[in-house]
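FYI, the numbering for the sequence shown is 1 to 307, going by UniProt numbering. Ideal Cβ placement from N, Cα and C applies to all residues, glycine included. Working notes for the structure below.
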Amino acid sequence: MGAPQQTENTEAKDKGRTVQPEDTAAALLAGRYQELYGQFSSAMQEAVSYEQLKELADSFTEGVEAFEPVSRLVLNGLDTRVWTDSSGSKGVMAAHDAEGDIAGLQVLHLSSYPETDGQTTANTYAYPFEGEWLVVWGGHNELSNYHYAYESQRYAADLVKAVDGYSYKGDPQLNESYYAFGEPVLAPADGTVVHVTNDIADNEPVGVMNKAEPAGNVVVIDHGGGEYSILAHLQQGSAAVQAGDQVKRGELIGRCGNSGNSSEPHLHLQVSSGADFAQARSLNIAWEEGGLLHGQTVTGTSESKDH
Numbered sequence: 001m002g003a004p005q006q007t008e009n010t011e012a013k014d015k016g017r018t019v020q021p022e023d024t025a026a027a028l029l030a031g032r033y034q035e036l037y038g039q040f041s042s043a044m045q046e047a048v049s050y051e052q053l054k055e056l057a058d059s060f061t062e063g064v065e066a067f068e069p070v071s072r073l074v075l076n077g078l079d080t081r082v083w084t085d086s087s088g089s090k091g092v093m094a095a096h097d098a099e100g101d102i103a104g105l106q107v108l109h110l111s112s113y114p115e116t117d118g119q120t121t122a123n124t125y126a127y128p129f130e131g132e133w134l135v136v137w138g139g140h141n142e143l144s145n146y147h148y149a150y151e152s153q154r155y156a157a158d159l160v161k162a163v164d165g166y167s168y169k170g171d172p173q174l175n176e177s178y179y180a181f182g183e184p185v186l187a188p189a190d191g192t193v194v195h196v197t198n199d200i201a202d203n204e205p206v207g208v209m210n211k212a213e214p215a216g217n218v219v220v221i222d223h224g225g226g227e228y229s230i231l232a233h234l235q236q237g238s239a240a241v242q243a244g245d246q247v248k249r250g251e252l253i254g255r256c257g258n259s260g261n262s263s264e265p266h267l268h269l270q271v272s273s274g275a276d277f278a279q280a281r282s283l284n285i286a287w288e289e290g291g292l293l294h295g296q297t298v299t300g301t302s303e304s305k306d307h
């Protein structure tokens with residue numbers, strides 16, 4: 001999880017920029033490849049040739065009449081936008097850095113799962129945090145929410161805390177620099193704790209990930225009706241509950257960390273059909289406050305308890 005860090009590109013300051021971030025998908029559709037390629041960052045130009053861009057874009061945009069904006073995330077010096085065509089089957093993602101260079105561009109044939117998209121959990125859930133958080137991954141397509149491609153995580157979301165467009169202040173390699181690190185994580189609904197992992201170290205320097213323990217420190221709560229909330233990547237030693245505990249909505253269960261397969265301190269949350277999120281199906285969550293979409297700032301509960 002996590003947006004890439006911005007890096008200085010001195011060459012970008014000398015480039016003319018004719019494609020604004022909001023116009024990137026339209027420029028691709030219009031065949032303005034020279035302008036787009038000229039705005040690629042040095043790293044992008046090293047990775048992709050102009051001929052490759054043209055060949056891929058010509059093929060991908062065939063039959064598309066327009067791309068419509070779906071979501072936008074501004075974080076850590078990058079302005080990342082997602083568009084889809086009218087059918088929702090083709091998507092474009094573009095990330096512009098602070099200098100106006102295109103630091104990332106992706107086109108993708110999108111999968112859709114309308115049957116489960118149209119269903120929601122029987123239980124209703126509250127956001128399991130306090131104050132304002134920023135949704136880094138969330139939504140019903142793979143470009144806004146990479147989890148969507150995987151049945152076991154399809155309706156999961158990742159969130160960070162951000163101030164003035166940045167998730168950290170100070171040394172980006174230190175967990176303590178991140179606003180989310182150590183923030184309270186709460187029970188999203190009443191239930192029984194069925195699993196707790198609490199002893200996995202938080203990744204440091206930030207950016208090094210523990211793929212051997214993907215969820216990191218995690219609390220799993222059984223809410224009845226075959227619905228289990230999974231709150232992952234918690235801070236080592238922060239669990240405030242243990243298996244068998246009865247918890248109420250808004251009760252402290254741990255603190256946000258950077259354990260497991262995590263690129264920076266953030267909260268991964270989902271509701272699944274079983275306690276083992278790798279084996280169970282991810283369920284489309286009925287949130288009291290509304291869904292979690294890539295780039296949205298959302299406000300959590302003010303009814304937290306015991307902390």
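As a beta-bridge residue in DSSP terms, L231 pairs with V219 and L269. The continuous stretches of beta strand (DSSP E) do not include F40, and DSSP gives it neither H nor E. The C-beta separation of I285 from T121 comes to about 6 Å, placing the pair in contact by the 8 Å criterion. If the five residues before and after L110 are omitted, its C-beta is found closer than 7 Å to the C-beta atoms of T84, G88, S89, K90, G91, N141 and E142, all from its own chain and listed in chain order. Between G260 and N210, the CB-CB gap stays under 8 Å.
8 Å or more divides the Cβ of K161 from the Cβ of W137.
With a 10 Å radius around the Cβ and a threshold of 16 neighbouring Cβ atoms, D202 comes out buried.
In the three-state reduction of the DSSP assignment, Q20 falls in the coil class, being assigned neither a helical nor a strand state. With contacts defined by Cβ atoms closer than 8 Å, P188 and R255 do not form a contacting pair. The closest CA to that of Q296, considering only S71, V48 and L174, is found on S71. A156 carries a coil assignment under DSSP once its states are collapsed to helix, strand and coil.
Taking a contact to require three or more Cβ pairs closer than 8 Å, the stretch 265 to 285 and the stretch 144 to 164 qualify as touching. Under a 10 Å Cβ-count criterion, S238 is classified as buried, with 16 or more other Cβ atoms of the shown protein chains found around its own Cβ.
With contact defined as three or more Cβ pairs closer than 8 Å, the stretch 191 to 206 and the stretch 256 to 276 are in contact. Residue burial is scored here from C-beta neighbours: T61 has at least 16 other C-beta atoms within 10 angstroms and is therefore classed as buried. When DSSP reads this structure, F277 sits in no beta bridge, so it has no partner. Boundaries of the beta strand (DSSP E) harbouring D79: L78 to D85, taken from the DSSP string. No Cβ-Cβ contact shorter than 8 Å links Q236 with G182.
In terms of Cα proximity to V19, the closest of Q45, A95 and F129 is A95. By the Cβ test, the stretch 165 to 182 is not in contact with the stretch 216 to 226, since fewer than three Cβ pairs between them sit closer than 8 Å. For L75, same chain residues with a beta-carbon under 8 Å away, outside a window of 5 residues either side, are A3, L134, V136, V160, A162, G165, Y166 and S167 in chain order.
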